[in-house]
Amino acid sequence: SSKFCIIMSKQSTRLLTLMKAQRKLASASAKSVSMFDVETRKDFEKRVINSDLPVVVDFHATWCCPCKALTPRIENIVSEQAGRVRLARVDIDEHGELAMDYDVGSVPSLVVINNGKVVNRMTGLQTSEYIRDWLQSIVSPK
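Using my numbering, you'd call the opening residue of the sequence shown number 215 and step up by one each time.
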């Protein structure tokens, strides 16, 4: 009887692990549609400037601790928007010219671009509530 419970427990644990992994994959594929890393200037023009949706551009650096803290916050908030906004991540060390084009003097900096124009910006690490309110003022409800 106890042997049976151990076997069932191991199978249940394995099943839960598989279910969690499947949920993460589904979440990751949904995120990949609305969140992406900018690869080139041409990629930025195509996916940000010419986007049919507002795009939050996250100017960040790999060495920046506040940037690392902001990443999960902004990703969660963008995913809450259910496809009404996209998130583009721009590493300023790889794309310094883009950072200069958008007057990014410090990181993290968030710039919202809609119809090719900057409509709002935020600098520094902020609370999730603050970012959510800030983004809500830009994204019109469906």
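Where a beta carbon is used, it is the ideal one built from N, C-alpha and C, also for glycine.
Boundaries of the beta strand (DSSP E) harbouring residue 272: 269-274, taken from the DSSP string. In this chain, the alpha helix (DSSP H) harbouring residue 287 covers 279-294. The C-alpha of residue 332 lies about 10 Å from the C-alpha of residue 268. In the DSSP assignment, residue 250 forms a beta bridge with 302. Secondary structure of residue 312 (DSSP, three-state): helix.
Of the residues 260, 315, 287 and 277, the one whose Cα lies closest to the Cα of residue 344 is 287. Counting C-beta pairs with one atom in each stretch, the segment 270-278 and the segment 295-306 have three or more that are closer than 8 Å, which means they touch. Shown here, residue 339 sits in coil according to DSSP, grouped into three states, outside any helix or strand.
Under the three-state reduction of DSSP, residue 353 is assigned to coil, being neither helix nor strand.
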